[in-house]
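J.:
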Amino acid sequence: MRAITVPARPRHAAADRRAPALRGALATCLKYVSLVAASAVVVVPLLAVLLTSLRTGAEMAADPSPLSAPGHWFNLHNYRVAFSNGHMLRALWNTSFILVFSLTGTVFIGSMTAYAIDRFDFAGKRLVLALFLVAALVPSVTTQVATFQVVSELGVMNTRWAPILLYMGTDIVSISIFLQFIRSIPISLDEAARLDGANSLTIYWRVILPLLKPAIATVVIVKGVAIYNDFYIPFLYMPSDHLGTVSTSLFRFKGPFGAHWEVISAGAALVILPSLVVFIALQRFIYNGLSSGATR
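Going by the numbering used here, the residue at position 71 of the sequence shown is 82; the numbering climbs one at a time, nothing skipped.
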């Protein structure tokens, strides 16, 4: 009787089957590690500011570690000092005034510019688009001398209108966002409106602008946060103390309290809180607006 031999299965076959699973597990592990590291980079500084703002000067002298827990979690003395001595109420009024007019102008100028570029054919249209690209690539700091001279000649230096004009006239990103959305609106709507006797301005106001609500929400949130956090323009063009915004007021407030980190942290927390609340409440509009604008 002849014996039948079964060939042995290669040992590396099982290893080949385990390799994809190991690579998948490693990729998942690296993904979560990177997410935790990125979250820590954002959360740890905010946590340090919050914990420091709730501590007293004696606690800071005994233990200067920024992540040490305060003795009393409802110690609001530092916040009262920062709010009153830092003139935060006046700073919030100045910031709100600049925000309202800057965002209103940005929405209308940006949407009108995008509407004209997309819907009209005119001489030099490609040149205009090229100039927009060049303006986006040129660092703004290289044009500050000329910008400062223009603002001075206009007579708006050391007024709230100086940053308002600069914020309204230097935003290529908003024009790009509006342009993406307008290109997704069928031109047949314009043609139907023209058959009803509407002119270009009426079409923009009655047809185009109402359809730009997602883009307007995106521009208002992104631009608003940028204006709220900006320090350079208000500090350069509004040097007077009574015209301070939240960023410049916090900087000037630091002077008398340079050694009191608990009070400075309370002022920083007061500045961070409004933009943080607005971003958390409206973040879905940012993501939805940017993603829909990119896929249309």
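Just so it is clear, CB atoms sit at the ideal spot from N, CA and C, and this is done for glycine as well.
Remember, it's a predicted structure, so these values are computed and weren't measured experimentally.
Roughly how many angstroms separate the alpha carbons of A51 and P245, rounded to a whole number?
T.: As a working note, residue 51 is residue 40 in the sequence shown. As a working note, residue 245 is residue 234 in the sequence shown. So the alpha carbons of these two residues sit roughly 31 Å apart.
J.: Please classify Q294 as buried or exposed, where buried requires at least 16 neighbouring CB atoms within 10 angstroms.
T.: The residue given as residue 294 occupies position 283 in the sequence shown. With fewer than 16 other Cβ atoms within 10 Å, it is exposed.
J.: Using 8 Å for Cβ pairs, my map puts V145 next to I128. What's the rounded Cβ distance?
T.: To locate residue 145, count along the sequence shown from 1; it is residue 134. To locate residue 128, count along the sequence shown from 1; it is residue 117. Contact doesn't hold; Cβ gap of about 15 Å is too wide.
J.: Taking just the CA atoms, how far does A73 sit from L65?
T.: The count along the sequence shown starts at 1 and reaches residue 65 at position 54. The count along the sequence shown starts at 1 and reaches residue 73 at position 62. Each residue's Cα considered, the two are about 15 Å apart.
J.: Looking at M71: is its Cβ nearer than 8 Å to the Cβ of E273?
T.: Reading the sequence shown from its first residue, position 60 is the one you call residue 71. Reading the sequence shown from its first residue, position 262 is the one you call residue 273. A contact, by the Cβ cut-off of 8 Å.
J.: Tell me whether P174 is buried or exposed, calling it buried when 16 or more other Cβ atoms sit within 10 Å of its Cβ.
T.: Taking the first residue of the sequence shown as position 1, residue 174 is located at position 163. Taking all protein chains in view, the Cβ of P174 is crowded by 16 or more other Cβ atoms within 10 Å, so the residue is classified as buried.
J.: Is R130 helix, strand or coil by DSSP?
T.: Mapped onto the sequence shown, residue 130 falls at position 119. R130 falls in the helix class under three-state DSSP.
J.: If you measure between the beta carbons of D182 and T117, is that distance less than 8 Å?
T.: Taking the sequence shown and counting its residues from 1, the one referred to as residue 182 is at position 171. Taking the sequence shown and counting its residues from 1, the one referred to as residue 117 is at position 106. Closer than 8 Å, so yes.
J.: Around the C-beta of T158, are 16 or more other C-beta atoms found within 10 angstroms, so that it is buried, or is it exposed?
T.: Translated into positions along the sequence shown, residue 158 becomes position 147. T158 is buried by the Cβ-count criterion.
J.: Taking the alpha-carbon positions, what's the V152 to Y239 distance?
T.: On the sequence shown, residue 152 is found 141 positions in, with the first residue counted as 1. On the sequence shown, residue 239 is found 228 positions in, with the first residue counted as 1. Their Cα atoms are separated by approximately 19 Å.
J.: Mind listing, in chain order, the continuous alpha helix (DSSP H) runs of no fewer than 4 residues lying wholly within the region 203-245?
T.: 211-214 and 224-240
J.: On the three-pair Cβ rule with 8 Å, is the region 196-211 touching the region 159-171?
T.: no
J.: Beta-carbon within less than 7 Å of A280's beta-carbon, same chain only, minus the 5 sequence neighbours each way: which residues are those?
T.: Mapped onto the sequence shown, residue 280 falls at position 269. V60, L61 and S64, listed in sequence order.
J.: May I have the straight-line CA-CA distance separating F112 from W172, to the nearest angstrom?
T.: Translated into the one-based positions of the sequence shown, residue 112 becomes position 101. Translated into the one-based positions of the sequence shown, residue 172 becomes position 161. Using only the alpha carbons, I get a separation of about 9 Å.
J.: Less than 7 Å between C-beta atoms, sequence neighbours within five positions excluded: which residues of the same chain meet that for W84?
T.: Along the sequence shown, one-based indexing puts residue 84 at 73. Only L65 meet the Cβ criterion.
J.: Where does F264 land, buried or exposed, given buried means 16+ other C-beta within 10 angstroms?
T.: Along the sequence shown, one-based indexing puts residue 264 at 253. With 16 or more other Cβ atoms within 10 Å, it is buried.
J.: What residue from A32, F108, D132 and A102 has the CA that sits closest to L261's CA?
T.: The residue you call residue 261 lines up with position 250 of the sequence shown. It is A102 whose Cα lies nearest to the Cα of L261.
J.: Would A93 and A277 be called neighbours here (beta carbons separated by less than 8 Å)?
T.: For the purposes of this step, residue 93 is taken as residue 82 along the sequence shown, with counting starting at 1. For the purposes of this step, residue 277 is taken as residue 266 along the sequence shown, with counting starting at 1. Annotated as proximal: A93 and A277, with beta-carbon spacing under 8 Å.
J.: Using only the alpha-carbon positions, how far apart do H98 and F131 sit?
T.: Along the sequence shown, one-based indexing puts residue 98 at 87. Along the sequence shown, one-based indexing puts residue 131 at 120. Approximately 49 Å, taken between the alpha carbons.
J.: Put K265 into one of helix, strand or coil per three-state DSSP.
T.: On the sequence shown, position 254 is the one that residue 265 refers to. K265: coil per DSSP, three-state reduction.
J.: Measuring CA to CA, which of G255, H271, L284 and V289 is closest to W104?
T.: Here residue 104 refers to the residue found at position 93 when the sequence shown is read from its first residue. Out of G255, H271, L284 and V289, G255 has the C-alpha closest to the C-alpha of W104.
J.: Please state if the CB of K234 and the CB of S185 are separated by a distance shorter than 8 Å.
T.: If you number the sequence shown from 1, residue 185 lands on position 174. If you number the sequence shown from 1, residue 234 lands on position 223. Contact flag set, yes.
J.: Which residues in the same chain have their Cβ closer than 6 Å to the Cβ of N89, if we skip the five residues on either side of it in sequence?
T.: What you label residue 89 is simply residue 78 of the sequence shown in a count that begins at 1. Here the set comprises S64, E273, V274 and A277.
J.: Could you check where the alpha helix (DSSP H) with I186 kicks off and where it finishes?
T.: Locating residue 186 in the sequence shown gives position 175, where the first residue counts as 1. I183 to R194 is the extent of the alpha helix (DSSP H) around I186.
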